[in-house]
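Peer 1: Residue 1 is where the sequence shown starts when you use the numbering used here, and the numbers rise one by one after that.
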Amino acid sequence: MEKSILEQYLDILEENKKPQFLDKYLQVPSLLRLKNIGYFCGMDYASKQIYSFNEYISRYDHSLTVALLTWYYTKNEKQALAGLFHDIATPCFSHVIDYMNKDYENQESTEEYTEKILKEDTYLNQCLKQDNILLEDITNFKKYTIVDNDRPKLCADRLDGVILTALFWTKTIDINDVEKIINDTKIFINEERNKEIGFNSIKIASMVLEASKTIDIFCHSKEDNYMMELLASITREAIQNKYITYDDLYILNEKQLIDILKNCNNKEITKKLTKFMNIKKEDIPEINLSNIKIRALNPLVNGERLIY
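1. Kindly indicate which residue of F93, D224, T270 and F141 has the alpha-carbon position closest to the one of K48.
2. If distances are taken between C-alpha atoms only, which option among C92, D160, I244 and A82 comes closest to I133?
3. Do three or more CB pairs link the stretch 50 to 69 to the stretch 111 to 118 at distances below 8 Å?
4. Whose CA, out of L10, L159, I279 and A238, lies closest to the CA of Y226?
5. Unbroken beta strand (DSSP E) runs of length 3 or more, entirely within the stretch 175 to 218: which are they?
6. How about H86 and D157: do their beta carbons lie closer than 8 Å?
7. Using DSSP with H/G/I as helix, E/B as strand and the rest coil, what is R305?
8. Report all residues from its chain with a CB closer than 8 Å to the CB of I173; omit the five preceding and five following residues, and keep chain order.
9. Which runs of the beta strand (DSSP E), 3 residues or longer, sit entirely within the stretch 30 to 66?
10. I'd like the list of long-range same chain contacts for N106, defined as Cβ closer than 6 Å, with 5 residues on each side in sequence excluded.
11. Measure the C-alpha to C-alpha separation of A205 and E179 and round it to an integer number of angstroms.
12. What is the C-beta distance between C92 and G42, in whole angstroms, given that I count them as a contact (C-beta under 8 Å)?
13. Taking contact to mean 3 or more Cβ pairs, one atom from each stretch, closer than 8 Å, check whether the stretch 20 to 36 and the stretch 118 to 125 are in contact.
14. How is the alpha helix (DSSP H) around N278 delimited, first residue to last?
15. Tell me whether L124 sits in a helix, a strand or coil according to DSSP, three-state version.
16. Indicate whether K186 and N200 have their beta-carbon atoms separated by less than 8 Å.
17. Just tell me which of N190, N263 and Y45 has its CA closest to the CA of M228.
18. Leaving out five residues on either side along the sequence, give the residues of the same chain with a beta carbon under 7 Å from the beta carbon of Y99.
19. Helix, strand or coil, according to DSSP, for L300 in the structure here?
20. Near K272, what residues of its chain come up, given a Cβ to Cβ distance below 6 Å and the 5 sequence neighbours on each side ignored?
21. Looking at I260 and I239, is the spacing between their C-beta atoms short of 8 Å?
22. Using 10 angstroms around the beta-carbon of T65, count the other beta-carbons present and answer buried if the total reaches 16, otherwise exposed.
23. Taking only the alpha-carbon atoms, compute the straight-line gap between G198 and N253 and give it to the nearest angstrom.
24. Which value, in whole angstroms, describes the spacing of the CA atoms of N194 and L154?
25. So for R236, helix, strand or coil by DSSP?
26. Check for me: the alpha helix (DSSP H) holding D98 runs from which residue to which?
27. According to DSSP, is W71 helix, strand or coil?
28. Between Y39, K203 and K24, which has its C-alpha nearest N54's C-alpha?
29. Just how far apart, CA to CA, sit Q256 and L135?
30. Among residues of its own chain, excluding the 5 on either side of F317, which ones have a beta-carbon nearer than 8 Å to its beta-carbon?
31. Where Y72 and L13 are concerned, what is the direct C-alpha to C-alpha distance, given to the nearest angstrom?
32. How big is the Cα-Cα spacing for Y144 and Q79?
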């Protein structure tokens, strides 16, 4: 049977074999919840006339690919685990909840839950104790510049985000391009004397930049932002009417939450949910796009910051 696109991407990342120490961490309960948290912010349930994804991919998949990318560049267990758990606090519908919280620009309003979720995961803490790794070694993923880095710098999370989005949503690259991208990257020391992922060639850097710019166009479209706002509104009303709690967004998965919304017997929520799942492109109204997150990217090429 032909492999999925995601499986082919994993094959590229696992070319030198997946590190065995990761295996037990892939069974951590709080991480497994992310298998049913879609990477595209709940839009897997949206109108197929607005979104057409190549395959379903989850926040679990993204967590794994970030961990494997981090391992590829660092061969460091703590950094790879920080990459694996960097999205552990992702709620149902992901960045839709940032919209609900009015955090349009940074989209980081949910990250405060990271330490709490990891602290309360008994199995995870048993694994860390066995490996003599402290919880704080993996909770503060922002201290590892290969895992996470301020824009416009490149990091494993950002590079993987471009790859996944361009492969599965905007469809501006294919799996052969992904192999070229990974093979062209290496670690450089940037102008701040920190380690940073960069490119060997301007050709490949330009491919990634073009893919990133197209993603920006999709994410700044009236269609995407209307749908994000609509799902945020549905979720807000479900919380206000006590069909769910805010904490449920971090406990339930998206399938469970959608079932609750479908069966809540609230006419307003049902009407909005029906619109969310069936609206046609021509029925999307004009909306204000001034506060949307800008995904600036300015990577290193041969150790020098690319100017564009």
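The beta carbon of each residue, even a glycine, is placed where N, CA and C say it ideally should be.
Peer 2: Once the coordinates are examined:
1. D224
2. A82
3. no
4. I279
5. 185 to 189 and 195 to 199
6. yes
7. strand
8. I163, A166, L167, I181, M207 and A211
9. none
10. The predicted model places N106 with a pLDDT of 47, which falls under 50 and marks its position as unreliable, so this point remains unresolved.
11. 13 Å
12. 7 Å
13. yes
14. K267 to N278
15. helix
16. yes
17. Y45
18. M228, E229 and A232
19. strand
20. I234
21. no
22. buried
23. 35 Å
24. 12 Å
25. helix
26. V96 to M100
27. helix
28. Y39
29. 29 Å
30. Residue 317 is absent from the structure shown; the chain starts at 1 and stops at 308.
31. 7 Å
32. 7 Å
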